[in-house]
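Below: one structure, written as structure tokens.
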Amino acid sequence: MKVFEKLFGVARPFFEDGQPLHLVHPVYQAIENLFFAPNARTHTAPFVRDALDLKRYMTMVIIALLPAFFASIYFFGWRVLLMIIVSYAAGGTVECLFAMIRKDEIAEGFLVTGFIFPLVLPPATPLWMVAVGVVFGVIVGKEAFGGTGRNLFNAALVGRCFLSIGYPATMANAWLQPATSATDRLLALPSLGAADAVSAATPLVLAGRGEMVPIPDLLWGGVLGSVGETSAIAVIAGGVFLVACGVANWRTVIGTLGSFAVLSAVLHETFPAQAPSPTFALLSGGILFGAFFMATDPVTSPVTLTGKWAYGILIGTVTVLIRVFSGYTEGVTFAILLGNCCAPLIDEAVIRGRMRRYARAR
Amino acid sequence: MTSPSAHQPLLAGRPADNTTVLPAPDTLYLPLTSRRLCFSDTRVRDGQAVRAGQVLARDPDHWGIPLLAPRAGTARTMALDGHIVLEVGPVEVSDESDLPGVDAKTAEAELPGKRADLLQLGGWQFVRDARTDAIADPTQTPRAVIIVALALDSFVAQPDALLEGRVLDFARGIAALTSAVGSTGCQYHLLVGKGKLSELVSGAVREAKLHGRLMIHHVPQVYPHDNAQLAMQTFRMANSADDVVWCIGVDGMLAIKDALVDGKPCVDRTVAVGGPAIQSPRHVRAPIGHPVADILAPLTVDDTCRVINGGFMSGADLAPGQRGLDGECVGLTVLDDPPGREFVGFMRPGLERQSFSRCFLEALFPRVPVRLTPVVGGEERACVACGYCEQICPAGLLPQVLHRYLYNEQMDDAHALGLNLCVECGLCSYVCPCKIELREQFSSAKHQLRCEDDDASMAV
């Protein structure tokens, strides 16, 4: 610790105003603040502040993603780790560049974006596509709007959406056959290319053909799907943790999953041929991952607590409708992006209602 | 009404209930400014001998509220900037008359007798406007008076300590207050918590025989439910925005009794001295102007600490040059201010900390006292709309939206969204993970709104 303190003490002057390295000051500042909390003291009441800061807040999301991450390493091998490294490197560079141009500090939001983006991709996505996707997501989805806290759309989903529209064939054939035993992939070297990519059908596609993957398989994992969504148990474990520590808002999660389950059940009764049972629907595809980790992104969901209910219900409903009535087998990405679009509108409705109430009381 | 602000962290350093009376010092340093008052109109000459209770200075902006000499002695007006220094000792008071010249254009003449007496004896400053927390206008007639018999900010003088052996005085204070208020249409509200003290206080207030004009409200003993504005909104004490509502705390009630029943000037204060940097937290009773250093020196653990005038949620920094206790002080909170920066603080599991969001695994471990330091602990960031402020806001507002409006300078929208209902408790600033100074922002915006309103009414 003392060593670090000395090291930063030596390095700091090089990045100060007027020094040649001042341009990369945001990067230096971010690294220093990663090791040492900022020195600021309160100057106005309340004089004591909660111990939580944004770094901790974002770290909790990463901790909650770890079960899904470990499950994906088990099923899809070390390739997943490579994807995450590429995502952090490419996206981080863009983030740093923007911070330098803005002469602003690097915000913590990217900690999550960089980690979550590979988890929503098919496991055999070529690494260059991971880089392209994350760069597009960060620039168009976030930095164009002003950075973390001001973005309208979830940056990771913008990146994913871009890839699935820009490279539909590659994306559709980038699935990996999951491992069946621990030795399958954990002992194998990661493949840089997509040599063993398959174009096999995911459980949702199979269900469309009337072939149901058994529920235990869906729960445990070992089914085709995006990197992070394969094991429902791992996603639920992380998601419940995230809700329990208050970072993911329970209103969004319950709104999404509740409306999804209810509508699935109703449609399953009415159109048994098209709509699978609600249990199957919940456990297959990305709805769990989306509800726990993507929809709960606070920046792109409505800011009001009442609004979060409406937002969750919208996402759950639209996902079912896309899955059952459209040509797409999976609709979570689109549903959440649509929810992002509507979030300001939902907020506006809540705020107007509130204003009317205050006006009446006056 | 539900209480969304149920976050009640464990705190170390709460002051004990018993009160220590401090030995009289030789010299008193009477500050000329305090939170609400500014005694700019000095009424004694440098070196003049004064008797106890004599007027040393007045606040011309607040109906000439006087600064009274707590003891007899020699007044020095030039000795210390921003203070009147009083050398305590028996003196021959020859010159009784105040300084000529700037004559007090006080409202005394127009005031009803009792209110004028109260003002002259230094007791009026405890009567506050419930909406603004400023000193109440003595020329107005209140529609309701809120008697606040609990103090929930940490490390401020507790009613238990103030009322020790003085419950009867409290009841007499209320009787005196009703005669000072005079109006028959005035409703009295008593805010109490739960437990023995609240029963005692309720009993005492019933003694005052207010016959149907008294309502007792039991509020949760969680900060900030002692806030008069919050109570006013919760229990709908005013019918319109023009209704005048006053509020008075326990210290004010006792001061009113001293002034109106016994004719004694209000020159002594009971304050809490607490906080993690205080060895044995306690209440102390001392005259106004008692050197703060003398109060703290025997109790403080070390000297790297931060002294706050009031509680840590609602107080203010002790003014840099302030040497003596001011007349509005309710407590001195002393926080440790460890030098240096925390090493990878955000990654620690948090066995020793508590957080509103439960992010520090606090749910899994026994409750530990919160580490009270003035460290902000993070960088200020753009709002990520986590919603913690809305969850904790006791007035049920949408602080994150208000922040956005004020950030965009949409004053009218902020006003329509209930900015005026903000009670400035500071809980939103406390929980904000982006470390945004919400309370400060709302407070200054409210002030601006009030000024605009005043200008508008002037123009009319």
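Which chain is which? The protein sequence lines are H and B, in order. My numbering applies: residue 20 is where the first sequence begins, and numbers increase by one. My numbering applies: residue 27 is where the second sequence begins, and numbers increase by one. For each residue, glycine too, the CB sits at the ideal point set by N, CA and C.
Less than 6 Å between C-beta atoms, sequence neighbours within five positions excluded: which residues of the same chain meet that for B:Gly-301? Around B:Gly-301: Gly-39, Phe-181, Thr-359, Val-360, Leu-361.
Residues that B:Met-241 bridges to, as DSSP identifies them: B:His-215
With a threshold of 8 Å, are at least 3 pairs of Cβ atoms found where one atom belongs to the stretch 348-359 of chain B and the other to the stretch 186-205 of chain B? Verdict: no, contact absent.
Taking a Cβ distance cut-off of 7 Å, strictly less, list which residues of the stretch 314-327 of chain H are near chain B, in chain order. Pro-317, Val-318, Val-322, Thr-323, Leu-324
Give a yes or no on whether the minimum CB-CB distance between H:Arg-121 and chain B is below 8 Å. no
Between B:Leu-424 and B:Leu-445, how many whole angstroms is the CB-CB distance? I'm expecting something under 8 Å. Not quite, the Cβ-Cβ distance comes to about 10 Å (not below 8 Å), so this is no contact.
Through-space distance from H:Arg-121 to H:Val-47, alpha-carbon basis: Here the sequence assigns Tyr to residue 47 of chain H, which means Val is not the residue at that position. Spanning the alpha carbons of H:Tyr-47 and H:Arg-121 requires a straight line of approximately 15 Å.
Among all the DSSP beta bridges, which residues are the ones paired with B:Gly-99? B:Val-76, B:Val-114
Have a look at B:Thr-296 and B:Ala-411 and give me their C-alpha separation to the nearest angstrom. Cα to Cα, B:Thr-296 sits roughly 42 Å from B:Ala-411.
Under 8 Å between C-beta atoms of B:Val-276 and B:Ala-345: no
Taking any Cβ of chain B, which residues in the stretch 58-77 of chain H have a Cβ under 7 Å from it, in chain order? Those would be Asn-58, Ala-59, Arg-60, Thr-61, Thr-63, Ala-64, Pro-65, Phe-66, Val-67, Arg-68, Asp-69, Ala-70, Leu-71, Asp-72, Leu-73, Lys-74, Arg-75, Tyr-76, in chain order.
Considering only the alpha carbon of each residue, which of H:Gly-265, H:Asp-69, H:Asn-268, H:His-41 lies closest to B:Arg-397? H:Asp-69
Mind reading off the beta-carbon distance from H:Ala-310 to H:Pro-86? Whole number of angstroms is fine, and I expect it under 8 Å. Their Cβ separation, rounded to whole angstroms, is 16 Å, which puts H:Ala-310 and H:Pro-86 out of contact at 8 Å.
Taking CB distances under 8 Å as the criterion, tell me whether B:Pro-400 reaches chain H. Contact with chain H is found for B:Pro-400, since one of that chain's Cβ atoms lies less than 8 Å from the residue's Cβ.
For H:Phe-55, which beta-bridge partners are listed by DSSP? BP columns for H:Phe-55 point to B:Phe-369.
Short of 6 Å in beta carbon distance, which residues of its chain neighbour H:Pro-363, apart from the five on each side in sequence? Order them along the chain. none
Within the continuous beta strand (DSSP E) that includes B:Thr-296, where are the two ends? 294-300
Checking contacts by CB at 8 Å: is H:Glu-114 closer than that to chain B? no
Buried versus exposed call for H:Ile-184 [16 or more other C-beta atoms within 10 Å across all chains shown]: Burial call: exposed.
Taking Cβ positions only, does B:Gln-417 come closer than 8 Å to chain H? yes
Does chain H have any CB closer than 8 Å to the CB of B:Met-437? B:Met-437 does not count as touching chain H.
Using a beta-carbon distance cut-off of less than 9 Å, what residues from the stretch 327-352 of chain B approach chain H? Against chain H - using a Cβ distance shorter than 9 Å - the residues of the stretch 327-352 of chain B are Arg-332, Ile-334, Gly-336, Gly-337, Phe-338, Met-339, Ser-340, Gly-341, Ala-342, Asp-343.
Continuous alpha helix (DSSP H) stretch holding H:His-287: start and end: First-last of the alpha helix (DSSP H) with H:His-287: 269-289.
Give the residues from the stretch 165-177 of chain H that approach chain B closer than 9 Å (Cβ to any Cβ), ordered along the chain. Correct list: Gly-165, Gly-166, Thr-167, Gly-168, Arg-169.
Three-state secondary structure (DSSP) of B:His-309: strand
Just to confirm my understanding: we take H:Leu-237, look at its own chain, exclude 5 residues before and 5 after, and list those with CB closer than 8 Å. What are they? Pro-222, Ala-251, Phe-299, Leu-302, Ser-303
For the structure I just gave you, are there three or more beta carbon pairs, one from the stretch 143-150 of chain H and one from the stretch 178-192 of chain H, closer than 8 Å? yes
Taking beta-carbon pairs under 8 Å, can you tell me which members of the stretch 264-275 of chain H lie near chain B? Cys-264, Gly-265, Val-266, Asn-268
Just curious, the alpha helix (DSSP H) that H:Cys-180 is in, first and last residue? 174-185
In or out: B:Asp-288 buried (at least 16 other Cβ within 10 Å) or exposed? exposed
Taking buried to mean at least 16 other C-beta atoms within 10 Å of its own C-beta, is H:Ala-174 buried or exposed? buried
Just to confirm before moving on: does the CB-CB distance between B:Cys-460 and B:Arg-374 stay below 8 Å? No, the pair does not count as a contact, with Cβ atoms beyond the cut-off.
Does DSSP classify B:Val-360 as helix, strand or coil? strand
Determine the contact status of B:Met-339 and B:Gly-221, defining contact as a CB-CB distance below 8 Å. Against a cut-off of 8 Å, the Cβ pair of B:Gly-221 and B:Met-339 comes out as no contact.
Output, in chain order, the set of chain H residues within a Cβ distance shorter than 8 Å of B:Cys-385. Those are Leu-71, Arg-75, Tyr-76, Met-79, Cys-264, Gly-265, Val-266, listed as they occur along chain H.
Which residue from H:Ser-106, H:Thr-323, H:Leu-205 puts its Cα closest to that of H:Ile-153? At residue 153 of chain H the sequence reads Val, which differs from the Ile that was named. Among H:Ser-106, H:Thr-323, H:Leu-205, the Cα nearest to that of H:Val-153 is on H:Ser-106.
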